[in-house]
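The opening residue of the sequence shown carries number 112 in this note's numbering; numbering runs sequentially from there. For glycine and all other residues, C-beta sits at the position ideal for the given N, C-alpha and C. In what follows, a single structure is set out as structure tokens and then discussed.
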Amino acid sequence: MQDLSNLQRKVSIYNEVLANTQNYRNDWKTHLKDGIINTLTTIITVTELKATITTKSEIDNLEAVILSLGDTGSGLTQQVGSQLKRELIKQNGALIYQQLFNGKVIVLIQYPMIENYGEPRPPKTIAIYRPEEMKEPFFVRHVEDFIKEITDWEDYDDDEPNKKIGFKMNFENQ
């Protein structure tokens, strides 16, 4: 029979990954989820960030903790009929800690979005972590990154500020 040591090593790694998945899921249930909630609660309390923390748990082992900046009126209104205007709602963005199928945790930034106004920007992945890697300094950095990204979204302007526009542009270099 052929030497099976390479295959045995691969099977061993596979079994280790399966065991890790169960351990990661158990970590989420026993302490990680509550730890994320408590750490984020402390951060928003100390910084006075107007945010709420919610959980999504419709599917076991695919749960999420969400730090949301909430929904507000966007300041944009849509004409409804001849006499009514309806304000468009803006979702202000969220920082999401989502369990993956393998028990690891993906950290995402969900950008603000105004209903009926363009295509929503896809979420930004900050990182994927094993539960034991998630320490308090990471949470502070995640919230800092989140606030920076949301601030940049709110303060949007042209990515190329030096790009000239106007009807005279076609004639200046002639």
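Give the straight-line distance between the Cα atoms of Leu195 and Gln189, rounded to the nearest whole angstrom. The alpha-carbon atoms of Leu195 and Gln189 are separated by roughly 8 Å.
On a Cα-Cα basis, can you pick out the residue from Asn117, Asn213, Phe257, Asn227 that is closest to Arg197? Per the Cα distances, Asn227.
The region 140-147 in contact with the region 161-176 per 3-pair CB rule at 8 Å: Flag = yes, the region 140-147 and the region 161-176 touch.
Compare the C-alpha of Tyr135 against each of Arg120, Ile220, Gly204, Val216 and name the closest. The shortest Cα separation from Tyr135 among Arg120, Ile220, Gly204, Val216 belongs to Val216.
Among Asn203, Thr166, Ile170, Ile220, the one whose alpha carbon lies nearest that of Ile239: Considering only Asn203, Thr166, Ile170, Ile220, the residue with the shortest C-alpha distance to Ile239 is Ile220.
With a threshold of 16 other CB atoms inside 10 Å of the CB of Val218, please say whether the residue is buried or exposed. Buried, by the Cβ-count rule.
Beta-carbon gap between Gly204 and Leu180 smaller than 8 Å: Yes; because the gap between Cβ atoms is below 8 Å, this pair is in contact.
Are any of the Cβ atoms in chain B nearer than 8 Å to that of Met224? Here there is only one protein chain, and chain B is not present.
Pick from Thr165, Asn172, Gln202: whose alpha carbon is nearest that of Ile225? Selected option, being the one with the closest Cα: Gln202.
Roughly how many angstroms lie between the CA atoms of His253 and Leu151, to the nearest whole one? Taking the straight line joining both Cα atoms gives about 10 Å.
Less than 7 Å between C-beta atoms, sequence neighbours within five positions excluded: which residues of the same chain meet that for Tyr208? The residues are Ile147, Ala175, Val176, Val216, Val218.
Rounded C-alpha distance that separates Glu213 from Glu243: The displayed chain sequence assigns Asn, not Glu, to residue 213. Distance between the alpha carbons of Asn213 and Glu243 is about 14 Å.
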